[in-house]
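Residues in the first sequence are numbered consecutively from 2, following the working numbering. Note that the Cβ used here is the ideal one computed from N, Cα and C, for glycine as well. See structure below.
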Amino acid sequence: MTEYHSEFLQQAKSRGYLYQGTDMEALDELALAGPVTAYIGYDCTGPSFHAGHLLSIMLLRLFQKTGHKPIVLMGGGTTKIADPTGKDKQRQPLTTRQINKNLARLKTIFSRYLTFGDGPTDAIMVNNNDWLRRLRYIPFLQKYGSHFSVNRMLKQDSVRDRLEREQPLSFLEFNYSLLQAYDFVELSRRFGCSLQMGGSDQWGNIVAGVDLGRRIEQKAFYGLTIPLLTTASGGKMGKTEGGAVWLDGDMLSPYKFWQFWRNIEDADVERYLYLLTDLSAQEISRLSPLIGPDPNAVKKILATEITRLCHGEDAASEAAETARRTFEEGTSGDALPTIDIKRSDLEAGIAITKLLVDAELCSSGGEARRMIRGGGAKLNDIAVGNELDMATVDDLFPNGTLKLSAGKKRHVLIRAV
RNA sequence: GGAGGAGUGCCCGAGUGGCUAAAGGGGACGGGCUGUAAACCCGUUGGCGUACGCCUACGUUGGUUCGAAUCCAACCUCCUCCA
Numbered sequence: 002m003t004e005y006h007s008e009f010l011q012q013a014k015s016r017g018y019l020y021q022g023t024d025m026e027a028l029d030e031l032a033l034a035g036p037v038t039a040y041i042g043y044d045c046t047g048p049s050f051h052a053g054h055l056l057s058i059m060l061l062r063l064f065q066k067t068g069h070k071p072i073v074l075m076g077g078g079t080t081k082i083a084d085p086t087g088k089d090k091q092r093q094p095l096t097t098r099q100i101n102k103n104l105a106r107l108k109t110i111f112s113r114y115l116t117f118g119d120g121p122t123d124a125i126m127v128n129n130n131d132w133l134r135r136l137r138y139i140p141f142l143q144k145y146g147s148h149f150s151v152n153r154m155l156k157q158d159s160v161r162d163r164l165e166r167e168q169p170l171s172f173l174e175f176n177y178s179l180l181q182a183y184d185f186v187e188l189s190r191r192f193g194c195s196l197q198m199g200g201s202d203q204w205g206n207i208v209a210g211v212d213l214g215r216r217i218e219q220k221a222f223y224g225l226t227i228p229l230l231t232t233a234s235g236g237k238m239g240k241t242e243g244g245a246v247w248l249d250g251d252m253l254s255p256y257k258f259w260q261f262w263r264n265i266e267d268a269d270v271e272r273y274l275y276l277l278t279d280l281s282a283q284e285i286s287r288l289s290p291l292i293g294p295d296p297n298a299v300k301k302i303l304a305t306e307i308t309r310l311c312h313g314e315d316a317a318s319e320a321a322e323t324a325r326r327t328f329e330e331g332t333s334g335d336a337l338p339t340i341d342i343k344r345s346d347l348e349a350g351i352a353i354t355k356l357l358v359d360a361e362l363c364s365s366g367g368e369a370r371r372m373i374r375g376g377g378a379k380l381n382d383i384a385v386g387n388e389l390d391m392a393t394v395d396d397l398f399p400n401g402t403l404k405l406s407a408g409k410k411r412h413v414l415i416r417a418v
C-alpha cells in the first residue's frame, strides 16, 4: 500500500476512513500543498441523521482538523428527485416545505461537529436547490447531457439492481446521477471544490461527477469513498430497540444514544474508537490492550466520547452516570426516560399492561400481555407475575416514582403527579 | 395500442374454495447462558378483551358461494415480449 504524505490522508487511512479513491497520489500532493476544499452531500429526506451518517460527518471533521475546508451540501434540490441507490421502490416525493423543515433541523447537527464561518478552513453549508431549480431543460441537456453515456449509467449498481430485481425505476430517479455530478461542477466553480467524498454506495455518482468535471472544466477532480459502517458480524449499523440511532436528541435521548454505543459487540470497539471519536491514535493504542481483559470499561469510554461529540459534555456524563446507577447500583438515574401519570389514577390502581403501553415500552396491550407472560416485565425490578396485575400507590418509592422495565435494558420512571 | 405474467403480514416468500391470523426464512422483541457484548438455545411476533370470543388483514372496488388470499369482473400499479 502507498504511504501518504498529507496529514489528512495519512490519518484518514490509518483510522480506517478510506475505501475507494480516484487518484489518491495526486490528491495527496494537493492536500500537502495547501487547503483543499471538499464536499459531502446529504439528503434531507428525514428530520435527523442517524448512526450511519456519523462516519461521513466524522470524516469532514477530520478533514477540517487537518487544515482543509469542508462543504456540507444539503440536497434540497436532489431530494426532490430521490436517490435510487439502495432503494427497491421509489420514495414518496417530499414537498418543498417538508424538505425545508428537515433541512433546518439537520443544520444544527453539523454545528456540533464542524466550525462554520468565513475563514479559509471554516466549513460552509450550501443547498443545491439554489442552482438546480434554475436549470433549464434544453440547455442542460445540450451542455451536460451529452457527456453522459446511458450504456454506462445502466451499469451503475443502483440502476442495475433495480433492473435485475425487476423493480421500477422512473426516469426521474434515473436523472439523479446527472444532477449529483453537476453539483460537483457547480461547487468547483463557486468554491473551488475539488474533492467529493461519500459513502461507498455513492461511488458511481461520485465518479460520474469526477468525469463530468474533468470534461467540462478541464481540471482535476477527485473522489473518495468511506466504508459502510457495519458491525463485526456483518450487520447493518444503527438500530436500537424500536428505532434508528438518531443523532437528534429530541428523537433519541442522549441516554439511549449512550446505551447504544455501550452495547456494541466487543469486536467493534477498537474500530469505532478510531472512526467515531476524537481520541488520538496514541490514546487508542493505549486503550486497545484493555479491550480483552475489560471490554466494558473501554465501551464506556467509547460511548461517552461519542456522546460527548454529539450531545455535549454534560449530556454525556449524565448518561454515563445514569447508566452506572441503573446497572451497577440497581437504582435509577436522572436521565432515564420519565413519564407522568395522575396520582389519582394510581390510587385507583392502574393495569400494568396499560402502564407498559403508556411508557412506550410496548406498542399494544397484547404485546404488553405477552411481555408479562414471557417474564420480561418488571415493576421496581420485580417480575410482574400476572398480566392482570395492577400498580398502586404502594409501589411508589418515597420520591414519588416507580420503575417499570421491559427486559434488562429498557427502563422507564413513572412519576405520580 | 396488443399478448402474457405479477401485486400476500415489518421485509423476503409459500399458499390456488373451508383444517388460514395465513407455512418457511430474515428482522425485531422477551427469556436462558454471560459481561447491560457476540455466538448459541428457547419463546413471542395484527388489534381489543381475563376468557368462550369479536374486529381488521392477502393491490382497489364490486360480484359468485353456506364459505374467498384462493373463483369472476372492472380498475390501479409493476414486469416481460410485440408494435
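- Secondary structure at N176: coil, using DSSP grouped into helix, strand and coil.
- Within 10 angstroms of the beta-carbon of T79 lie 16 or more other beta-carbons, which makes it buried.
- When C-beta atoms of the region 105 to 113 are compared with those of the region 142 to 161, fewer than three pairs fall below 8 angstroms, so the two segments do not count as touching.
- Within the DSSP secondary-structure output, L196 pairs in a beta bridge with A39 and Y223.
- Of the residues assessed, H6 falls on the exposed side of the cut-off, its CB having fewer than 16 other CB atoms within 10 angstroms.
- Short of 6 angstroms from the beta carbon of E8, and not among the five residues preceding or following it, lie these beta carbons of its own chain, in chain order: T67.
- A268 carries a helical assignment under DSSP once its states are collapsed to helix, strand and coil.
- By the Cβ rule, the region 135 to 154 does not count as touching the region 347 to 365, because fewer than three pairs are nearer than 8 angstroms.
- The DSSP-derived three-state label of P48 is coil.
- DSSP places V358 inside the alpha helix (DSSP H), whose first and last residues are I353 to D359.
- Here A304 has W259, W262 and R263 as same chain residues with Cβ atoms under 6 angstroms from its own Cβ, once five neighbours each way along the sequence are excluded.
- The residue from N176, G76 and L61 with its alpha-carbon nearest to that of R113 is L61.
- Around the C-beta of N400, fewer than 16 other C-beta atoms lie within 10 Å, and the residue is accordingly described as exposed.
- If you look at A417, you'll find it in the beta strand (DSSP E) that goes R411 to A417.
- When N101, Y138, L115 and F149 are compared, the shortest CA-CA separation from N130 is found for N101.
- Judged by DSSP in its simplified three-state form, G22 adopts strand.
- L403 and D267 have their C-alpha atoms some 33 angstroms from each other.
- The bridge partners DSSP lists for P296 come to none.
- In this structure, S406 places its C-beta atom within 8 angstroms of the C-beta atom of D382.
- By the C-beta criterion, the region 178 to 194 is judged not to be in contact with the region 15 to 28, since fewer than 3 inter-stretch pairs fall below 8 angstroms.
- The residue among L31, K70, G313 and K355 with its C-alpha nearest the C-alpha of F117 is K70.
- Spatial neighbours of H51 in its own chain (CB-CB distance under 8 angstroms, excluding positions within 5 residues in sequence) are listed in chain order as G239, A245, V246, W247 and L248.
- Under the three-state reduction of DSSP, V246 is assigned to coil, being neither helix nor strand.
- G366 and A384 have their C-alpha atoms spaced approximately 17 angstroms apart.
- DSSP places N152 in the helix class (H, G or I) of the three-state scheme.
- The criterion of a C-beta distance shorter than 8 angstroms is satisfied by I340 and A360.
- The C-beta distance from E306 to I292 rounds to 14 angstroms, too long to fall under 8 angstroms, and the pair is not in contact.
- In the DSSP annotation of this structure, the continuous segment of the alpha helix (DSSP H) that includes A349 starts and ends at R344 to A349.
- Our two residues, T393 and A336, have alpha carbons roughly 24 angstroms apart in a direct line.
- DSSP assignment within the region 97 to 123 yields the following whole alpha helix (DSSP H) runs of 4 residues or more, N-terminal first: 97 to 111.
- Non-local beta-carbon contacts of I227 in its own chain, meaning distances under 8 angstroms to residues more than five positions away in sequence, involve Y18, L19, Y20, L56, S57, L60, M198, G199, G200 and S201 in chain order.
- DSSP places T67 in the coil class of the three-state scheme, outside both helix and strand.
- DSSP lists R416 as the beta-bridge partner residues of T402.
- Cα atoms of R191 and C363: separation of roughly 51 angstroms, rounded to the nearest angstrom.
- Between L380 and D396, the CB-CB gap stays under 8 angstroms.
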